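Per numbering that gives the first Met the number 0: the sequence shown = residues 0 to 579. Every residue, glycine too, gets a C-beta built ideally from N, C-alpha and C. Quick caveat: nothing in here was measured; it's all calculated off a predicted structure. Worksheet for the structure shown next.
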Amino acid sequence: MGASLQFLVSTGGFMFLSLIMALSLFSHPAQAITRHYEFNIKMQKVTRLCHTKSIVTVNGKFPGPRVVAREGDRLVIKVKNNVSNNITIHWHGIRQLRSGWADGPAYVTQCPIQTGQSYVYNFTVVGQRGTLWWHAHISWLRSTLYGPLVILPKANVPYPFLKPYKEVPIIFGEWFNADTEAIISQALQTGGGPNVSDAYTINGLPGPLYNCSAKDTFKLRVKPGKTYLLRLINAALNDELFFSIANHSLTVVDADAVYVKPFETDTILLTPGQTSNVLLKTKPNYPGATFLMTARPYVTGQGTFDNSTVAAILEYESPFLHSVASMKKLPLYRSILPPLNDTSFVTKFAKKLRSLDSREYPANVPQKVDKQFLFTVGLGTSPCGHNNTCQGPNGSRFAASVSNISFVQSTTALLQAHYTGQSSGVYSPDFPFSPKNWFNYTGNPPNNTIVANGTKLMVLPYNSSVELVMQDTSILGAESHPLHLHGFNFFVVGLGFGNYNPNTDPQKFNLVDPVERNTVGVPSGGWVAIRFLADNPGVWFMHCHLEVHTSWGLKMAWLVLDGNLPNQKLLPPPSDLPKC
């Protein structure tokens, strides 16, 4: 692996990452290396909630293996598909500068890896450090195919905060007793909403608040008077999550692998797709108690949801010898989480996030804008067809859209069609700059809720500066939508509630130190404004990270054209690129 990384196994069955670097690393100038990984996609029997099923895994592990790199390193990851499902892997948050062939969304940047086939994802980590993650990017397979992607700073480059004693990945997920592929397949057939999960998980374990799950509990053992870096990842399929540790506060130092101005909080909110590094400072002395670490959903929509709470346990190492029985007799403190629909907390939390904006880590916010867009995001309906009655609103099918266009997945990879000049009949380059039909987006919804369908791309000249306002709608109920943009980080320059006002709202934009990230929640009944520089040629997916909304069509893609210089052009496709 190049650098020597020591892994220590925690009591919860998940591994600490201890930054004990080989002495040789410090005796030479910092230099990038190539790190090789092998991902064997295979079925594995796993039991949770007293229910055993075979799930799709990487190397038989659930959650999947941790990928570790330093800023500047090259990653070469061979994925071999040994299951019956088609597979792709997305490296969530990696910029993929000129290497869009390695981004991973099925039928956007590549055709899937078919059974018995393999594909090598080859990319370099440029100008990024922090916590990201990887996951399957086809259908709902990411419910079990996911894992951490840890990017350490370059050798000898310190964190801009107190060096932690240890680092611990904390990855939130959802467990379904049923097969998730069957769940979404049935929902798309009937037009209704899919069944919800049976539990949330922390590092793959549901914890003691669920029936038949006490033994499947992640335990974080800590020492008094130490600082721990928790690498938080929300890998849940369909739920934004609050997270808190009883009787402890957290210091947020990073969002989506970008440093932020540190601030203290009792609770954090992560949408699916988002990551955050937080510092946990343990109590100075042994407290003689244990503490629950809990997460539960933030809910804004009108549909059904998994109204449960996942818990892990924070245990202090005792200066005295304790038996397991006596440890169980210690007081157990429970954390207090905000109400399920606490949009006020979510908004205040979002506004606390600001880029570090230091000399070493500046916030390069585009001050002038070449392209301005307004996209609506929300739900809608599609006709049932064939004179059948579907299980969506008024006998229709549930749908979702961006600017009332429900994205139709191609059967050819969009990037390949663009690169080879064979895009005719695959996609059209005419995604609208703003909605075709204006209405009171957050007021009474229109009578006609039917969405249009299409595979439309927004074309951007290389290096153009973009301002995009994403506006939630009240069609079928206002709802928060976490939007993820592939290939770029963006600056969140503004957010608000009601309808966006282009005359007054820009006056309140933060163009100095807005948070920079890759996934942002569009407020329920509100809007968010982002800015980014289109400096990465290729086709880049943008979609809601609530998987059910993506399945219904809340997605689109940007086509960034090549620049004039050789280093401004998309690299040629690799020879082993899968074929459709």
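Contact between the stretch 101-118 and the stretch 411-421 is defined here as three or more beta-carbon pairs at a separation below 8 Å; is this criterion met? Three or more beta-carbon pairs separated by less than 8 Å link the stretch 101-118 to the stretch 411-421, which places the two stretches in contact.
To the nearest angstrom, how far is it from the Cα of Thr51 to the Cα of Gln43? As a first step, residue 51 must be located in the sequence shown, where it is residue number 52. As a first step, residue 43 must be located in the sequence shown, where it is residue number 44. Going by C-alpha positions, Thr51 is about 10 Å away from Gln43.
Determine the direct distance from the alpha carbon of Pro207 to that of Ala533, and round the result to whole angstroms. One-based indexing of the sequence shown puts residue 533 at position 534. One-based indexing of the sequence shown puts residue 207 at position 208. Each residue's Cα considered, the two are about 47 Å apart.
Helix, strand or coil at Pro365 according to DSSP, with G and I counted as helix: Here residue 365 corresponds to residue number 366 of the sequence shown, with the count starting at 1. Look at Pro365 here: in three-state DSSP terms it is coil, with no helix or strand label.
How would you write the range of the beta strand (DSSP E) that Ala451 sits in, first residue to last? On the sequence shown, position 452 is the one that residue 451 refers to. Counting along the chain, the beta strand (DSSP E) containing Ala451 begins and ends at Ala451 to Gly453.
Is the CB-CB distance between Lys225 and Tyr164 below 9 Å? Translated into positions along the sequence shown, residue 225 becomes position 226. Translated into positions along the sequence shown, residue 164 becomes position 165. With a cutoff of 9 Å on beta-carbon distance, Lys225 and Tyr164 are scored as near each other.
Who are Val465's beta bridge partners in DSSP? If you number the sequence shown from 1, residue 465 lands on position 466. Listed as beta-bridge partners of Val465 by DSSP are Lys370 and Phe531.
Suppose the cutoff is 7 Å on Cβ atoms and the five residues either side in sequence are ignored; what does the same chain contact list for Asp429 look like? Your numbering for residue 429 matches position 430 in the sequence shown. Counting only Cβ-Cβ distances below 7 Å, and skipping sequence neighbours, we find Lys455.
Give me the DSSP bridge partner(s) of Ser275. Here residue 275 is taken as the residue at index 276 of the sequence shown, counted from 1. Paired residues: Leu231 and Ala254.
Among all the DSSP beta bridges, which residues are the ones paired with Met457? For this step, residue 457 is matched to residue 458 along the sequence shown. According to DSSP, Met457 bridges with Trp557.
Taking the DSSP output, what are the residues bridged to Gln506? Working through the sequence shown from its first residue, we reach residue 506 at position 507. Answer is none; Gln506 lacks a bridge partner.
How is the beta strand (DSSP E) around Ser400 delimited, first residue to last? Position 401 of the sequence shown, counted from the start, is the residue given in the question as residue 400. Note, Ser400: beta strand (DSSP E), Arg396 to Val401.
Can you say whether Thr33 is buried or exposed, counting buried as having 16 or more other CB atoms within 10 angstroms of its CB? Position 34 of the sequence shown, counted from the first residue, corresponds to residue 33. When all chains shown are included, Thr33 counts as exposed.
Exposure of Thr388, with buried meaning 16 or more beta-carbon neighbours within 10 Å: If you number the sequence shown from 1, residue 388 lands on position 389. Classification for Thr388: exposed.
In whole angstroms, what is the alpha-carbon distance linking Pro28 and Pro152? Translated into the one-based positions of the sequence shown, residue 28 becomes position 29. Translated into the one-based positions of the sequence shown, residue 152 becomes position 153. Caution is warranted here: a pLDDT of 49 is assigned to Pro28, below 50, making its placement in the model unreliable, and the coordinate value is therefore given only provisionally. Approximately 14 Å between the Cα atoms of the pair.
Can you tell which of Ser117, Tyr426 and Gln371 has its C-alpha closest to the C-alpha of Asp575? Looking up residue 575 in the sequence shown gives position 576. Across the set Ser117, Tyr426 and Gln371, the C-alpha of Ser117 shows the shortest separation from the C-alpha of Asp575.
Report the residue from Leu564, Val257 and Gln30 whose alpha carbon sits nearest the alpha carbon of Glu359. Start at 1 with the first residue of the sequence shown, and residue 359 comes out as number 360. Glu359 has its Cα closest to that of Val257, out of Leu564, Val257 and Gln30.
Are at least three pairs of beta-carbons, each pair with one atom in the stretch 140-149 and one in the stretch 224-239, less than 8 Å apart? These segments touch.
Could you tell me if Ala528 is buried or exposed, where buried requires 16 or more neighbouring beta carbons within 10 angstroms of its beta carbon? As a first step, residue 528 must be located in the sequence shown, where it is residue number 529. By the neighbour-count rule (16 or more Cβ atoms within 10 Å), Ala528 is buried.
In whole angstroms, give me the CA-to-CA distance for Gly172 and Ser138. As a first step, residue 172 must be located in the sequence shown, where it is residue number 173. As a first step, residue 138 must be located in the sequence shown, where it is residue number 139. Rounded to the nearest angstrom, the gap between the Cα atoms of Gly172 and Ser138 is 16 Å.
Please specify which runs of the beta strand (DSSP E), each continuous and at least 3 residues long, are wholly inside the stretch 146-188, giving them in chain order. Here the runs fully enclosed are 165-174.
Just the Cα atoms here: how many angstroms apart are Cys383 and Gly190? The residue you call residue 383 lines up with position 384 of the sequence shown. The residue you call residue 190 lines up with position 191 of the sequence shown. Those two C-alpha atoms are separated by around 7 Å.
Ala105 in three-state terms, based on DSSP: As a working note, residue 105 is residue 106 in the sequence shown. The answer is strand: DSSP assigns Ala105 an E or B state.
Going by DSSP, what residue range makes up the alpha helix (DSSP H) through Trp551? Locating residue 551 in the sequence shown gives position 552, counting from the first residue. Glu546 to Trp551 is the span of the alpha helix (DSSP H), which, as asked, contains Trp551.
For Leu336, which three-state DSSP category applies? Working through the sequence shown from its first residue, we reach residue 336 at position 337. In the three-state scheme derived from DSSP, where H, G and I count as helix and E and B as strand, Leu336 is classed as coil.
Residue of Ile88, Gln421, Pro501 and Lys260 minimising C-alpha distance to Pro159: Counted from its first residue, the sequence shown places residue 159 at position 160. It is Lys260 whose Cα lies nearest to the Cα of Pro159.
Going by other Cβ atoms of all chains shown within 10 Å of its Cβ, with 16 needed for buried, is Thr441 buried or exposed? On the sequence shown, position 442 is the one that residue 441 refers to. That one is buried.
Pull the bridge partners of Lys280 from the DSSP assignment, please. Indexing the sequence shown from 1 puts residue 280 at position 281. For Lys280, which the question treats as bridged, DSSP gives the partners Thr226.
Among residues of its own chain, excluding the 5 on either side of Val368, which ones have a beta-carbon nearer than 8 Å to its beta-carbon? Translated into the one-based positions of the sequence shown, residue 368 becomes position 369. Closer than 8 Å at Cβ, skipping near neighbours: Ser464, Val465, Glu466 and Arg530.
Taking only three categories from DSSP, how would you classify Trp90? Taking the sequence shown and counting its residues from 1, one reaches residue 90 at position 91. Reduced to three states, the DSSP call for Trp90 is strand.
Coarse secondary structure for Tyr315, derived from DSSP in three states: Reading the sequence shown from its first residue, position 316 is the one you call residue 315. If DSSP states are grouped into helix, strand and coil, Tyr315 belongs with the strands.
As assigned by DSSP and simplified to three states, the class of Tyr360: Residue 360 sits at position 361 when you count from the first residue of the sequence shown. Tyr360: coil per DSSP, three-state reduction.
Are Ala310 and Thr289 touching if we call contact CB-CB under 9 Å? For the purposes of this step, residue 310 is taken as the residue at position 311 of the sequence shown. For the purposes of this step, residue 289 is taken as the residue at position 290 of the sequence shown. Contact: no.
Would you identify the three-state DSSP class for Gln43, choosing helix, strand or coil? Position 44 of the sequence shown, counted from the first residue, corresponds to residue 43. If DSSP states are grouped into helix, strand and coil, Gln43 belongs with the strands.
For Ala349, name the three-state secondary structure that DSSP assigns. In the sequence shown, the residue the question calls residue 349 occupies position 350. DSSP places Ala349 in helix when its eight states are reduced to three.
Let's test the definition: count the other Cβ atoms within 10 Å of the Cβ of Pro205 and tell me whether it reaches 16, buried, or not, exposed. What you label residue 205 is simply residue 206 of the sequence shown in a count that begins at 1. Pro205 counts as buried, since at least 16 other C-beta atoms from the protein chains shown sit within 10 angstroms of its C-beta.
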